[in-house]
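Scroll down for the structure; my scribbles are underneath it.
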Amino acid sequence: MEGFISRILIFNSKGEKREVKLTNGVNIITGDSKTGKSALVEIIDYCLCSSRCTIPKGKITDFGVLYCLTYIINNKCLIIAREHWEKGGRMYYLTENIEYNVDQIDLSYFQNSALLSSKEVQYYIELELGLQVSNLEDDEDNKSKKASLRNMVSYMFQHQNLMASKFALFYRFTDFYKRQDVIEQFPIFAGFIGQEYYSKIIQMNSLKKQQKQLLKQEKQNSVMDKKLRERLVSLFEDYYALIDREFSGNLSLKELIEASAKLPELDLSKFSSTGIVTRYNSLNHELELLRKKEIEINIKISELKNTNIVGKNYVGILDELKKINEVSKPENEEYICPICGELSQKISDYDESILEASQWLNSEIKFVEAYNTNFWEDIRKLELSRDNMVSSIKRNYGQVKQIERTYLNSETLKNLKDKISYAKGNILLYIETISEGIFKDLNDELITLNLQITELEAEIGKFNIEKKLSSAKNDINKNMNRLALTLDFEDEFKPMNLKFDISNFDLFHLVKKYNNEQKIFLSEMGSGANWVSCHIVLFLSLLRFFAKEKANSPIPLILFFDQPSQVYFPQSISEIPDIDEEGELNIKKQTDIMAVNNMYKTIFDEISNIQDDTGVLPQIIIVDHVDGKELDVKDEFKKFTRHDWRGGKALI
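Residue numbering for the sequence shown is 98 to 749, as defined by this note's numbering.
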């Protein structure tokens with residue numbers, strides 16, 4: 098998103114103002130240590146709705162009661178201000194036209210404006226940026242996750258302690274969830290996808306959830322179908338037995354339900370009332386057989402369990418014998434008589450017998466232990482079979498008792514017609530009970546769902562996310578390695594083959610060794626020069642990438658580098674002598690100056706090239722203690738210097 102910060106303002110309680118003037122393009126604030134340079138990034142972060150205040154305690158926080166940014170975007174000037182954290186950190190958000198003179202802003206400007214929460218102001222800023230992805234996932238619990246301005250700042254800020262770190266690349270990536278969100282939302286910040294994409298994803302996930310539930314229901318219906326069918330077949334058999342007709346039980350549940358509507362009636366001219374008695378006797382006979390089988394299974398289980406106990410005891414005895422045998426093992430291969438000096442073959446033969454017995458003992462123990470283990474599986478299978486048998490016994494017993502109560506011994510159903518009507522009513526009542534909603538045909542619903550899912554997958558596929566991410570990765574990698582040619586990398590890593598993994602945001606140097614590819618991660622590279630160079634090439638390449646996607650990307654084209662020269666000059670360059678202790682030219686100082694010069698030249702050239710290639714001039718803010726006078730690019734350095742805080746000058 099095209100735009101830039103034009104002012105950083107700090108007001109005290111008396112209305113006094115401190116300001117930092119900025120433009121688009123390169124902005125350098127140089128000066129001595131402890132002049133407030135590094136506090137600028139914290140002030141910007143605080144005004145961009147940070148959930149905490151990291152502005153350094155001291156002069157700045159003692160002075161400031163209100164911190165303010167003026168941000169030029171979409172032909173507007175956004176005035177974003179925030180109270181001191183101690184006062185609650187509430188915010189002001191106002192808009193002016195682009196011609197508005199921000200120099201006239203003072204403390205009274207905010208007097209008639211309402212104080213807002215940081216969340217409200219964050220929403221307004223995101224609206225201006227075009228960041229309107231409000232739901233990344235299903236929000237059944239009303240906790241939908243949104244794309245956030247706060248995740249954008251990880252691409253914008255390179256703090257002093259981060260600039261030359263070998264353990265971290267991105268701001269606040271020590272927070273696992275923050276890191277996860279920033280990585281996940283990269284396609285949004287790149288402008289590849291918006292809410293439409295995520296709405297389709299949410300819709301598809303919802304349909305897939307319904308699909309899963311229907312498939313589960315279909316499976317449950319299949320199991321229930323079997324149980325219900327058994328009960329219904331029993332009721333049909335009772336009815337057909339009463340009217341002395343044969344019944345074919347080879348019908349599905351659906352067919353039984355259909356058959357219930359056309360049950361045959363009693364033909365008194367051909368009736369013989371022996372059917373229900375025959376069925377009763379048949380069920381009793383079947384019940385007797387089932388009970389007999391149950392007894393047989395229980396006997397087998399008992400025998401196997403007893404055999405298992407005997408086996409364990411036998412193994413115990415064998416183990417005791419083994420211990421005794423261990424003590425009795427022969428210690429010599431041959432025995433010589435101490436009196437006559439002759440070889441005693443009898444003792445050797447005895448030893449051989451002991452060894453043979455020991456081998457048999459070991460094999461017997463292994464065999465019995467293995468055999469015992471097999472019994473447990475046999476016992477489990479028999480117990481399962483017994484449980485099924487018990488279920489069948491209960492079912493048959495219930496049918497027998499039902500016939501006794503209802504048809505053989507019933508006082509209320511004395512005549513045959515009453516009994517037949519009762520049996521028929523039982524069938525119809527049972528069908529009415531189970532039919533309501535249970536046997537709904539799910540096939541049509543599944544077909545419709547599958548069709549909707551297929552259509553959504555095709556629509557989601559049109560976004561070409563994987564292809565776009567692959568292209569972005571290639572562009573970033575190519576640009577990093579182009580920039581790396583101009584920076585101070587150690588010889589052992591040349592030529593650089595840097596790779597940025599968009600899936601996890603790891604940066605590594607890829608080398609080929611012994612026909613294998615090896616990744617050397619940032620943390621495995623030695624030297625601060627390598628670390629700071631990696632940070633610079635990566636974030637300049639990301640800035641170029643977002644500038645290229647400016648039409649769709651909502652991310653602000655702002656980059657902040659804090660003390661990039663610190664690995665070379667932790668103190669002022671002028672404090673380092675030009676002549677070493679031996680009176681020779683200080684080669685290290687000259688080499689380091691050249692490295693810093695190349696660093697700044699690379700930054701200046703790349704910002705200019707980005708403008709030439711994309712038509713957008715991004716904003717880069719650099720705070721450093723070098724003044725540029727020792728550099729070959731001193732003229733450009735001076736041109737881009739907005740503030741020089743030396744000789745008593747400072748932010749506060």
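For glycine and all other residues, C-beta sits at the position ideal for the given N, C-alpha and C.
With three or more C-beta pairs closer than 8 Å as the rule, is the stretch 592 to 611 touching the stretch 560 to 574? Touching, per the Cβ criterion.
Suppose you measure from the CA of Y197 to the CA of L175; what does that come to, to the nearest Å? Each residue's CA atom was taken as its position, placing Y197 and L175 some 10 Å apart.
Would you tell me roughly how many angstroms separate the C-alpha atoms of A520 and K324, rounded to the nearest one? The alpha-carbon separation between A520 and K324 amounts to approximately 20 Å.
Unbroken beta strand (DSSP E) runs of length 3 or more, entirely within the stretch 112 to 197: which are they? As far as the stretch 112 to 197 is concerned, its whole beta strand (DSSP E) runs of at least 3 residues are 114 to 118, 122 to 128, 163 to 170, 173 to 180, 188 to 194.
Answer yes or no: do K647 and D710 have a C-beta to C-beta separation smaller than 9 Å? No.
Quick one: Cα of N574 to Cα of V138, how far? Rounded to whole angstroms, N574 to V138 spans 27 Å at the Cα level.
Grab the span of the beta strand (DSSP E) containing H606 for me, first residue to last. Counted as a single uninterrupted DSSP element, the beta strand (DSSP E) harbouring H606 occupies residues 603 to 610.
Is I290 helix, strand or coil by DSSP? Residue state, collapsed to three classes: coil.
Counting contacts by CB-CB distance shorter than 9 Å, is G625 in contact with chain C? The structure shown has no chain C; it contains just one protein chain.
Determine the extent of the beta strand (DSSP E) in which K736 is found, giving its start and end residues. It is not in any beta strand (DSSP E) - K736 instead sits in the alpha helix (DSSP H) that spans 731 to 737.
Could you tell me which of L212, V723, F737, K397 sits nearest to I717, measuring between CA atoms? Measuring from the Cα of I717, the nearest candidate turns out to be F737.
As a quick exercise: from N121, K154, G161, pick the residue whose alpha carbon is nearest that of E113. For the options N121, K154, G161, the alpha carbon positioned closest to that of E113 is the one of G161.
Within the continuous alpha helix (DSSP H) that includes E703, where are the two ends? Its alpha helix (DSSP H) spans residues 684 to 711.
DSSP state of I652 mapped onto helix, strand, coil: Correct three-state label for I652: coil.
Cβ contact (3+ pairs, closer than 8 Å) linking the stretch 544 to 559 and the stretch 602 to 611: The stretch 544 to 559 vs the stretch 602 to 611: no contact.
Meets three-Cβ-pair contact criterion under 8 Å: the stretch 262 to 278 and the stretch 164 to 182: Here the stretch 262 to 278 makes no contact with the stretch 164 to 182; the two share fewer than three CB pairs at distances below 8 Å.
Name the DSSP beta bridge partners of I617, please? When DSSP reads this structure, I617 sits in a beta bridge with H606.
What is the residue span of the alpha helix (DSSP H) that K564 lies within? Here the alpha helix (DSSP H) through K564 covers 562 to 581.
Whole angstroms is fine: what's the gap from R104's alpha carbon to N124's? If you take the alpha carbons of R104 and N124, they lie about 12 Å apart.
Could you check where the beta strand (DSSP E) with F108 kicks off and where it finishes? Residue range 100 to 108 is occupied by the beta strand (DSSP E) that includes F108.
Residues near V250 in its chain [Cβ-Cβ closer than 7 Å; skip 5 each side]: Once the five neighbours on either side are set aside, the close Cβ partners of V250 are D142, L145, Y268.
Below 8 Å on the Cβ atoms is my contact criterion, and I expect A244 with I280 to pass it. Report the Cβ-Cβ distance as a whole number of Å. With 8 Å as the limit, A244 and I280 do not qualify as a contact, their Cβ atoms being about 12 Å apart.
Helix, strand or coil for H382 per DSSP? H382 carries a helical assignment under DSSP once its states are collapsed to helix, strand and coil.
Per DSSP, which residues does W742 bridge with? Please list them. Looking at the DSSP assignment, W742 forms a beta bridge with G128.
Are the CB atoms of V634 and M260 within a distance shorter than 9 Å? The answer is no: Cβ separation not under 9 Å.
Could you check if N347 is buried or exposed, using at least 16 other CB atoms within 10 Å of its CB as the buried criterion? With fewer than 16 other Cβ atoms within 10 Å, it is exposed.
Using the Cα positions of E183 and I152, report the straight-line distance between them to the nearest angstrom. Distance between the alpha carbons of E183 and I152 is about 12 Å.
Between the beta-carbon of G133 and the beta-carbon of A747, is there less than 9 Å? The answer is yes: Cβ separation under 9 Å.
Would you kindly work out how many angstroms separate the C-alpha atoms of D588 and Q708, rounded to a whole number? Distance between the alpha carbons of D588 and Q708: 32 Å.
Can you confirm whether the stretch 655 to 670 touches the stretch 614 to 623 when touching is taken to mean that 3 or more C-beta pairs between the two stretches lie within less than 8 Å? Counting C-beta pairs closer than 8 Å gives fewer than three between the stretch 614 to 623 and the stretch 655 to 670, which falls short of the contact rule.
Output the boundary residues of the beta strand (DSSP E) element that contains I719. From DSSP, the beta strand (DSSP E) with I719 extends over 716 to 721.
Indicate the three-state DSSP secondary structure (helix, strand or coil) for Q549 in the structure shown. DSSP places Q549 within a helical segment (H, G or I) once states are collapsed to three.
Under DSSP, the beta strand (DSSP E) around L595 begins and ends at which residues? Where L595 is concerned, the enclosing beta strand (DSSP E) stretches over 595 to 598.
Can you tell me which residues form a DSSP beta bridge with F254? Its beta-bridge partners are F657.
Quick one: is D159 buried, meaning 16 or more other Cβ sit within 10 Å of its Cβ, or exposed? With fewer than 16 Cβ atoms within 10 Å of its Cβ, D159 is classed as exposed.
Excluding five sequence neighbours on each side, which residues of the same chain lie with their C-beta closer than 7 Å to the C-beta of V720? Closer than 7 Å at Cβ, skipping near neighbours: I126, K134, S135, L137, D659, Q660.
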